Each structure stands twice: as structure tokens, then as C-alpha cells.
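In the order they appear, the protein sequences are chains A and B. First residue of the first sequence: 0, per numbering that gives the first Met the number 0; consecutive thereafter. First residue of the second sequence: 0, per numbering that gives the first Met the number 0; consecutive thereafter. Here's the structure we're looking at; comments come further down.
There are 2 protein chains.
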Amino acid sequence: MRSKSEIEAVAPSHDETRQLLLEAAGEVFAEAGFRNATVREICRRAGANIAAVNYHFGDKEQLYSEVLRYSHGKMLEKYPALLGLPAEAPPEKKLHAFVLSLLLRIFDTGPTSWHGRLMAREMIEPTAALDSLVEERIRPMSIQLGQIVGEILNRPPTDEGVRMCAFSVVSQCTFYKHCSPVMERLFPKQPDMDPVAIGHIADHVTKFSLAALKSFVEKKR
Amino acid sequence: MRSKSEIEAVAPSHDETRQLLLEAAGEVFAEAGFRNATVREICRRAGANIAAVNYHFGDKEQLYSEVLRYSHGKMLEKYPALLGLPAEAPPEKKLHAFVLSLLLRIFDTGPTSWHGRLMAREMIEPTAALDSLVEERIRPMSIQLGQIVGEILNRPPTDEGVRMCAFSVVSQCTFYKHCSPVMERLFPKQPDMDPVAIGHIADHVTKFSLAALKSFVEKKR
DNA sequence: TGACGTGTCAAACAAATGTTTGAATCTTGT
DNA sequence: ACAAGATTCAAACATTTGTTTGACACGTCA
Numbered sequence: 000m001r002s003k004s005e006i007e008a009v010a011p012s013h014d015e016t017r018q019l020l021l022e023a024a025g026e027v028f029a030e031a032g033f034r035n036a037t038v039r040e041i042c043r044r045a046g047a048n049i050a051a052v053n054y055h056f057g058d059k060e061q062l063y064s065e066v067l068r069y070s071h072g073k074m075l076e077k078y079p080a081l082l083g084l085p086a087e088a089p090p091e092k093k094l095h096a097f098v099l100s101l102l103l104r105i106f107d108t109g110p111t112s113w114h115g116r117l118m119a120r121e122m123i124e125p126t127a128a129l130d131s132l133v134e135e136r137i138r139p140m141s142i143q144l145g146q147i148v149g150e151i152l153n154r155p156p157t158d159e160g161v162r163m164c165a166f167s168v169v170s171q172c173t174f175y176k177h178c179s180p181v182m183e184r185l186f187p188k189q190p191d192m193d194p195v196a197i198g199h200i201a202d203h204v205t206k207f208s209l210a211a212l213k214s215f216v217e218k219k220r
Numbered sequence: 000m001r002s003k004s005e006i007e008a009v010a011p012s013h014d015e016t017r018q019l020l021l022e023a024a025g026e027v028f029a030e031a032g033f034r035n036a037t038v039r040e041i042c043r044r045a046g047a048n049i050a051a052v053n054y055h056f057g058d059k060e061q062l063y064s065e066v067l068r069y070s071h072g073k074m075l076e077k078y079p080a081l082l083g084l085p086a087e088a089p090p091e092k093k094l095h096a097f098v099l100s101l102l103l104r105i106f107d108t109g110p111t112s113w114h115g116r117l118m119a120r121e122m123i124e125p126t127a128a129l130d131s132l133v134e135e136r137i138r139p140m141s142i143q144l145g146q147i148v149g150e151i152l153n154r155p156p157t158d159e160g161v162r163m164c165a166f167s168v169v170s171q172c173t174f175y176k177h178c179s180p181v182m183e184r185l186f187p188k189q190p191d192m193d194p195v196a197i198g199h200i201a202d203h204v205t206k207f208s209l210a211a212l213k214s215f216v217e218k219k220r
């Protein structure tokens, strides 16, 4: 009769294989993208048999869908959209919280550090999963940012100018992940994206954006 | 004895096969990315035999390298970095020209319309070609933007604050391509990226950025 | 005309990949 | 202990892909 730890080391049991596959798939999909990720590599990392993907998820595509859903859920759990700020907080504070939480999600370290990279890939090469992801996760965030910007500009969130400004804000956040291979080559001495650096960028993006937004308010009076 | 146009319709000649491969490869690589693009599809579109890629370019990877070099060169030819503005022009005008030319390159229509998409892909999934592309093309542009921003802020281009602000400017431009699948789903009624829309975005990005930059000047005195 | 170099071709090759299959093993409940 | 369902396994399958190969066609030059 082997001890519990020996059993775990030898063979995963119950829903554990499913979870191991999810985690391993996240990594591999982030590194290689959907098409280039191989079921064999995912199963190798998960310590599972090749047929496990079909058994637990149906096929590779459904595994991918599950991974997207899972990772986005995990990230929003860890870093809620406004990091716990109440709706009545000043819009400037809310903008900073929105920016910081987005950056934290993108540059998360630890078991789900592949999230940011996976999202960046999905943007460039959308799969069938993007439709539901946009509706479930991205649109709510887009609406929220629109409300914050609209509050600062004292305009409805659906206003064209509000929308353009919201794009100007969110683009500054996503940039650091999308262009990181170029950035690493342009500025090899830039420090790692640790929480201090992330906070610094969030401060800059907020400051830059607020200054710009304030000028849009003045112009419109 | 067939006429000239009949010969062209039947079989490409001289360096024409090489050129057809370059163009077709640009399209396919932009659509599918380097790894997923197949030599068979490229040759099918070019009307060439499978072995032509190895004959003219050595292998798939060298073809890709050539395509990147070719397309970037074509774009800079068509839309020079400052669209012909002299170095003594006001920095505000130079900033607008930089932004507009970058957007025009990214959203070019016509035979090399795949350029923007190809560049977005290369950012996310760098190949060996990115190193030389960064040195030959991207770094000069980065230096130029640093100079423009430095001129506005009255600081050296290598200043940390100048660099952060330059990122804030360029990120607003690349965003529209990187996130276009999401944007199409969030706002399905947005108009196409015609020259009018591109000009509108360039105006907005310049205005937003100038307002922000002006506030950085004031703070530093 | 013959030699040489360039360019094209179809077939072959070796490797990789997601999915399927039937057998074996494990787990749970009676 | 046995039955039933769940889970895992190795092998097989069918398809795809970049590269190679040797033959052929074409153009140029002495």
C-alpha cells in the first residue's frame, strides 16, 4: 500500500488529470499559439496520455476554449477590474485602478503567468473562442472604461470622443506586452516587469492620459 | 509563335517567378504567420512549382526574411517617416507626420496591404529576422520619435521620461492593428480604415499626445 | 551545333500531428 | 465479490509538410 504522496507522484487521479491538462495547455498555447501547440507536448507536460485531451475535452479546440475561459476567470479573480474601488470613487482614482489591474493581469507571474501572452496571441490570431470571450469578459471592461472616461469628460460613454480617448488609454497598457520582443531588442537594459515597474508604468499611463483628457474637457466647454 | 501577353499568361520568366513568390508569400505569411504558412500555398498563389522556393530563396525561412525586408522597404518608400517634412519643422507638426505615416504604413491598401498584419504577427511571434529588422528599420524610427518628443519636452531623447512618453505615443498607433479582431466584435459598425478614418485617428492621437506632453513640460520646470 | 548554366518540374522522402480504437486498469456502489 | 462506469493506455491511422532529387527545358555563347 503506497502512501498518498507516492500515489500522486506516480499517477494523477480523478479530476486531477483534467486540471493538469488545463495548466499545461495554458503554457503551451501561450508559447506556441493554438495551431502550433501540439497535443503531444501538452500531454507530456501534464504527465498524461495523448488520448486524455479527447477524453476530457473532446478535441484540441475545445481544450483551447476552456483554457481561455479558465485563465481569464483566474486573472479577474486575482485582480478585479477596479481592484475593489467603489463606484463612487473619484474617476481619476478609478482610471488608475483600471490601468493598474489590467497591467497586473497582463504581467502576472506564477502559475498563470502565461495569461498575458495567450491573450496577446488571441488578439492577433483569433480563434472561434474570441467571440464569447469578447462578450463575457472584454466588453464589460470596455464599458467600464468608457464610463470612467465619460465621467471625466462629462459626456455619455457612447460618445465618439469618449471612445477614441478610451482607445488611447487602453492601447498604452496592451502595448508593453504586444511589443515586448521589439522592446527587449531596442532597450536590452530595461528592468523586468516586477510589481514596482508595473506600478511605475501604471502611474505614467494614468498621468499621461489624465493630462490629455483634461484638455479635452476644456476644449468642449 | 505566341504573342508576348500569351507567354506571360502561360509561364512566368526570368526574375518574375522570384517576384511572384515574394508577393504571394507576403500575403500568405500575413494571413497564416510564418509557421502555418505552407510553401505549397505560396507556390499555388504565385503559379510556381514547389521547388521554386528552395531554388530562389534557399528555404522557407530565408523567403520570410526577404519578405520582411522587402515589405518594410516598400512601405517606407511609399510613406517616408516624416512624409517629407524638414528637420526644422515645428515638433508638433513632426509628431503628426510621424503618427500619420506610421498609421498609413500599417493600414496600407493595395498590393502590399498585408504589411501591417505581417508586422503585427512578427511582434508577437518573433522569428530570426526580427533582430535585423529592429536594427535596420525600427530603431531609426524609435530614435526619431525620441527626438521629436525630446524636443517638445526640452529634454535629451534618452531621458527616461521621454522614452515613456514615446511609448505612450506609438502604442496608440499600433493598437488599432493589434486589437482589430476585438474591435470588430466590440464595435461592428465602425467604418473601414480608409484614408479619412486614418487621418482622423492621426489627428486624435496627435492631439491627445500633445496635450499630455505639454503637461509634462509644465511639471518639470 | 554543342557545351554550359539557369530555371522548372513531378515524384519521392522522412517526419510530424490530431484523432481513433480496443484493451486494460481503476473506482464506486450494491 | 461482482458489475458497471470512468479513466488511461499503446498502437494505428490518415493526412500534411518542407526538402530533396534527377530529369527536362530553355537561353546564351563560342
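We put the beta carbon where it would ideally sit given N, CA and C, even for glycine. All of these numbers come straight from a predicted model, not from anything done at the bench.
| Measuring CA to CA, which of 173(A), 25(A), 159(A) is closest to residue 70(A)? | Ranking 173(A), 25(A), 159(A) by CA distance to the CA of residue 70(A) puts 25(A) first.
| field | Three or more C-beta pairs below 8 Å linking the segment 204 to 214 of chain B and the segment 91 to 98 of chain B | value | yes
| field | Sequence-distant residues of its chain with Cβ nearer than 6 Å to residue 44(A) (five each side left out) | value | 23
| Are the Cβ atoms of residue 78(A) and residue 103(A) separated by less than 8 Å? | yes
| request: Could you check if residue 162(A) is buried or exposed, using at least 16 other CB atoms within 10 Å of its CB as the buried criterion? | output: buried
| message | Distance cutoff 8 Å, beta carbons only. Does residue 32(A) sit that close to anything in chain B? | response | yes
| Residues that residue 130(A) contacts on chain B, provided the C-beta gap is smaller than 8 Å | 184
| said: Give me the subset of the segment 25 to 56 of chain A whose CB atoms are less than 9 Å from a CB atom of chain B, sorted by chain position. | reply: 31, 32, 34, 35
| field | Extent of the continuous alpha helix (DSSP H) to which residue 59(B) belongs | value | 59 to 77
| query | For residue 166(A) and chain B, any beta-carbon pair shorter than 8 Å? | reply | yes
| message | Quick check on the DSSP output: the alpha helix (DSSP H) that includes residue 47(B) runs from which residue to which? | response | That residue, residue 47(B), is in no alpha helix (DSSP H); it is neither H nor E in DSSP.
| task | Using a cut-off of 8 Å between C-beta atoms, extract the partners of residue 173(B) located in chain A. | result | Under the 8 Å cutoff, chain A gives 170, 174, 177, 178.
| message | Rounded to the nearest angstrom, what separates residue 72(B) and residue 63(B) at their Cα positions? | response | 14 Å
| field | residue 53(B) in three-state terms, based on DSSP | value | helix
| task | Using three-state DSSP, classify residue 172(B) as helix, strand or coil. | result | DSSP places residue 172(B) in helix when its eight states are reduced to three.
| Extent of the continuous alpha helix (DSSP H) to which residue 118(B) belongs | 114 to 123
| said: Taking the straight line between their C-alpha atoms, what separation do you get for residue 167(B) and residue 160(B)? | reply: 11 Å
| request: Quick one: residues in its chain with C-beta nearer than 7 Å to the C-beta of residue 65(B), no 5 flanking neighbours on either side, listed in chain order? | output: 21, 56
| query | Alpha carbon to alpha carbon, how far is residue 148(B) from residue 173(B)? | reply | 18 Å
| said: Please confirm whether residue 219(B) has its beta-carbon closer than 8 Å to some beta-carbon of chain A. | reply: Reliability of the predicted coordinates at residue 219(B) is poor, the pLDDT of 48 falling under 50, and no value is obtained from them.
| request: Return no unless some Cβ of chain A is closer than 8 Å to the Cβ of residue 62(B). | output: no
| message | Let's see if you can read the secondary structure: which residues bound the alpha helix (DSSP H) around residue 181(A)? | response | For residue 181(A), the enclosing alpha helix (DSSP H) starts and ends at 179 to 185.
| request: May I ask you to verify whether the segment 174 to 194 of chain A touches the segment 111 to 129 of chain A, counting CB pairs closer than 8 Å and requiring at least 3? | output: yes
| request: Return no unless some Cβ of chain A is closer than 8 Å to the Cβ of residue 210(B). | output: Yes, residue 210(B) lies at the interface with chain A (some Cβ there is under 8 Å from its Cβ).
| task | Under 7 Å Cβ to Cβ from residue 190(A), same chain only, skipping five residues before and after it: list those, please. | result | 196
| request: Using three-state DSSP, classify residue 111(B) as helix, strand or coil. | output: coil
| task | Would you verify that the beta carbon of residue 163(B) is, or is not, closer than 8 Å to some beta carbon of chain A? | result | yes
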